[in-house]
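Written out below as structure tokens is the structure these notes cover.
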Amino acid sequence: MTTPTGSEVAEAVAQIAAMHAGREGPLLPILQDVQARFGHIPEASMQPIAEALNIGRAEVHGVVSFYHDFHTEPRGRHVVRVCRSEACQARGGRAVEEGVREALGLDWNETTADGRVTLEPVYCLGLCASGPNATIDDRPAGRLDADRIAGLVAELR
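Numbering (the working numbering), first residue to last: 7 to 163.
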């Protein structure tokens with residue numbers, strides 16, 4: 007995905023804000039739609055969103071930074087999230103972490119050079135009974151070990 011220009015972002019925000027006109031509490035749906043459009047929430051979108059809603063830019067930024075599912079930087083086409091909670095750690099999670107980082111050649115919150123895969127840590131997926139766990143494009147994978155996670159991410163490349 008190419009980096010959008012400021013005018014492209016402003017135009018898209020105007021269209022998205024118009025779709026939510028008159029709606030109660032439109033900030034979250036607008037942010038979700040902006041992220042769906044660009045794959046992230048561009049910095050250039052914050053001021054036009056604030057203006058469309060007659061709120062401060064700081065309020066928009068505060069909401070974006072509060073919710074972990076909003077991203078201000080582009081992510082890969084595939085997102086691998088590995089659970090780093092205590093329950094997964096107790097079941098061999100560190101080996102899974104090392105296996106996935108080695109298989110992808112990435113550290114946490116990095117994206118492969120080709121833009122295909124982003125690796126993110128999470129601190130509980132709510133699947134503790136089947137740990138160690140990860141999600142690949144929001145699909146859960148449980149009872150992982152280093153070899154299994156390496157095989158799963160190899161399919162993404």
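Think of the CB as a built atom: it goes at the ideal place given N, C-alpha and C, for glycine as much as any other residue. No experiment lies behind these values; they were computed from the predicted model shown.
**Q.** DSSP three-state assignment for E65, whether helix, strand or coil
**A.** helix
(Q) Per DSSP, what are the beta-bridge partners of L89 in this structure? (A) One point to set straight first is that residue 89 is Cys, not Leu, in the sequence displayed. Answer is V128, bridged to C89.
Q. Can you pull the DSSP bridge partners for R145?
A. I142
Q: Could you say if the segment 66-81 and the segment 43-57 meet the contact criterion of at least three C-beta pairs nearer than 8 Å?
A: yes
Q. Between R81 and G121, what straight-line distance do the alpha-carbon atoms span, to the nearest angstrom?
A. 7 Å
Q | Residue nearest to R97 in terms of C-alpha spacing, selected from L162, P138, S71 | A | P138
Q. How many Å lie between C130 and V86 at the Cα?
A. 14 Å
Q. Looking at the unbroken alpha helix (DSSP H) that takes in P54, where does it start and where does it end?
A. 52-59
Q.
For F72, count the other beta carbons within 10 Å of its own beta carbon; 16 or more makes it buried, fewer makes it exposed. Which is it?
A. exposed
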